[in-house]
Amino acid sequence: MIVIESAAAMQQQALAWRAAGEEVGLVPTMGAIHAGHQSLVSRAKRENQRVVVSVFVNPKQFGPHEDLASYPRSFERDRARLEQLGVDVLFHPQVDQIYPPSFRTQVDPGPWAERLEGRSRPGHFAGVLTVVLKLFEVTQPKRAYFGQKDIQQLLLVRQMVRDFMLPVRVVGCPTVREPDGLAMSSRNAYLTAEQRAAAPALHQALTSASEAYRSGVTHPEQLERQVRERLGQVPDLAVDYAQVFSEDTLERPQQVRPGDVLAIAVKLGSTRLIDNVVFGADRL
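Residue numbers (the working numbering): 1 to 284.
Here it is as C-alpha cells:
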C-alpha cells in the first residue's frame with residue numbers, strides 16, 4: 001500500500017489505472033477505521049482491481065458547534081489496518097489539497113438536505129456532497145462504497161450521481177454492528193461506560209418496530225411513536241427524530257411498504273448517534 005497526500009498525484013495514479021483498464025473502488029472515510037469500514041473495503045476488493053481508501057476529516061460537513069476539533073484521529077493505526085486489508089492507496093490529503101485558498105464552489109444538495117439530519121445540521125450535506133464530488137474527481141472510481149447507517153447521506157450521494165450523470169456506481173453496504181446491536185461508528189468512542197451500556201437501545205427500538213411491521217402494523221406514525229416511547233425510557237437520551245420515509249421522496253408515506261426506512265437520531269449525553277431499519281429488506 002502506498003500513501004498519497006497530493007490530490008494531483010492521486011488523480012494521476014487513478015487516471016493511469018483507468019488507462020490500463022483497471023477499475024477503482026473508493027471507500028471514503030474520515031478515519032478512525034473500524035469493522036464497518038473494513039466491510040466496505042472487503043467488498044471493494046472483491047469487485048475492483050484497485051481499492052483507494054480516503055482518510056480526510058472534512059471541515060465543511062461540521063457545524064460551528066460540532067465536534068470537528070475532537071473528532072477521533074488515529075492515522076498510524078488506520079494506516080496499519082488498511083495495509084493489512086490490502087488496500088492499494090491510502091489517500092490522506094491535508095485540507096489545502098481539497099480546499100485550496102482559491103476554492104469557491106460547493107454542491108447545493110437541494111431540498112432533501114433540509115430534512116432529517118439536515119434539519120438539525122444545516123449545511124452538513126452541502127459539505128458532504130462537495131467533498132464526495134471532489135473525491136470522485138480525484139480518485140476516478142468505478143464504484144464507491146457507503147454504509148447504510150448514514151442512509152440519508154447514501155441517498156443524497158446517489159441523487160447527486162444521477163443529477164450530474166457521474167460514471168460512478170454508488171454501492172450501499174449493510175450496517176455493521178457490535179455484538180449487542182449498536183451500529184459501529186467512530187463517535188461511539190465518546191460514550192461513557194454507562195452510556196455505552198444504554199446505547200443498544202437504539203437497535204432494540206428499531207428491531208421492535210421492524211417486528212411490529214412484520215406483524216401487520218403499517219401506519220408510520222404508530223411505528224414512530226413506538227420507537228420514541230422505547231427510547232424515552234433510556235436515561236440521558238434525547239430523541240432528535242424518529243421518522244419513516246420513502247427512499248424515493250424522503251417523505252412519510254401513508255402506509256409503510258417494503259423498502260421504506262425508519263431512521264432515528266438521538267443525543268446520548270452529548271454524543272449524537274444515528275441508526276435506521278429498512279422495512280422488508282436488508283439493505284438499499
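All C-beta atoms, glycine included, are put in the ideal place defined by N, C-alpha and C.
Is it buried or exposed for residue i, if we count other Cβ within 10 angstroms and need 16 for buried?
i: E5; result: exposed
i: R283; result: Caution is warranted here: a pLDDT of 43 is assigned to R283, below 50, making its placement in the model unreliable, and no coordinate value can be reported.
i: M10; result: buried
i: V239; result: buried
i: A19; result: exposed
i: R50; result: buried
i: T192; result: exposed
i: V95; result: exposed
i: P101; result: exposed
i: F164; result: exposed
i: A8; result: exposed
i: G147; result: buried
i: G31; result: buried
Got a sec, what are the start and stop residues for the beta strand (DSSP E) residue i sits in?
i: D275; result: T271 to V278
i: T249; result: Note, T249: premise wrong, no beta strand (DSSP E); not H, not E.
i: T29; result: V24 to T29
i: K267; result: V261 to L268
i: I4; result: I2 to I4
i: A20; result: First-last for A20: undefined, no H or E at that position.
i: L90; result: V89 to F91
i: G147; result: R143 to G147
Starting from residue i, trace the alpha helix (DSSP H) in both directions and tell me its first and last residue.
i: F136; result: H124 to T139
i: R43; result: A35 to E47
i: Y213; result: A201 to R214
i: G110; result: Taken as a continuous stretch (DSSP letters only), G110 belongs to no alpha helix (DSSP H), as it is neither H nor E.
When you compare each of the options to residue i by their alpha carbons, which one comes out closest?
i: I2; options: A80, H34 and A198; result: A80
i: Q243; options: P258, D88 and P220; result: P220
i: R225; options: D236, P179 and A212; result: A212
i: V170; options: Y241, R143 and S210; result: R143
i: D285; options: A199, M165, P179 and D78; result: With the chain running from 1 to 284 in the structure shown, residue 285 is simply not present.
i: I33; options: P258, N188 and G181; result: N188
i: S270; options: M160, Q222 and E194; result: E194
Could you pull out every residue in the same chain whose Cβ sits closer than 6 Å to the Cβ of residue i, ignoring the five residues on either side in sequence?
i: V176; result: A35, G36, S39 and M184
i: K149; result: T175 and A183
i: P109; result: F125, A126, L129 and L156
i: S246; result: P253 and D260
Using a Cβ-Cβ cut-off of 7 Å (strictly less than) and excluding sequence neighbours within five positions of residue i, which residues of its own chain qualify?
i: L15; result: Q140
i: K45; result: V51 and G86
i: R115; result: L250
Enumerate in chain order the residues of its own chain whose CB-to-CB distance from residue i is below 8 Å, with the five nearest sequence positions on each side excluded.
i: L68; result: V57, P59 and F62
i: R230; result: A201, Q204, A205 and S208
- prompt: Is it true that the region 90-108 meets the region 120-132, where meeting means three or more beta-carbon pairs spaced less than 8 Å apart?
  reply: The region 90-108 is in contact with the region 120-132.
- prompt: Three or more beta-carbon pairs under 8 Å between the region 67-83 and the region 120-127, yes or no?
  reply: No: fewer than three Cβ pairs fall under 8 Å.
- request: Specify whether the region 19-30 and the region 136-150 touch according to this definition: at least 3 beta carbon pairs, one from each stretch, less than 8 Å apart.
  value: Touching, per the Cβ criterion.
- prompt: Three or more beta-carbon pairs under 8 Å between the region 257-273 and the region 218-235, yes or no?
  reply: Touching, yes.
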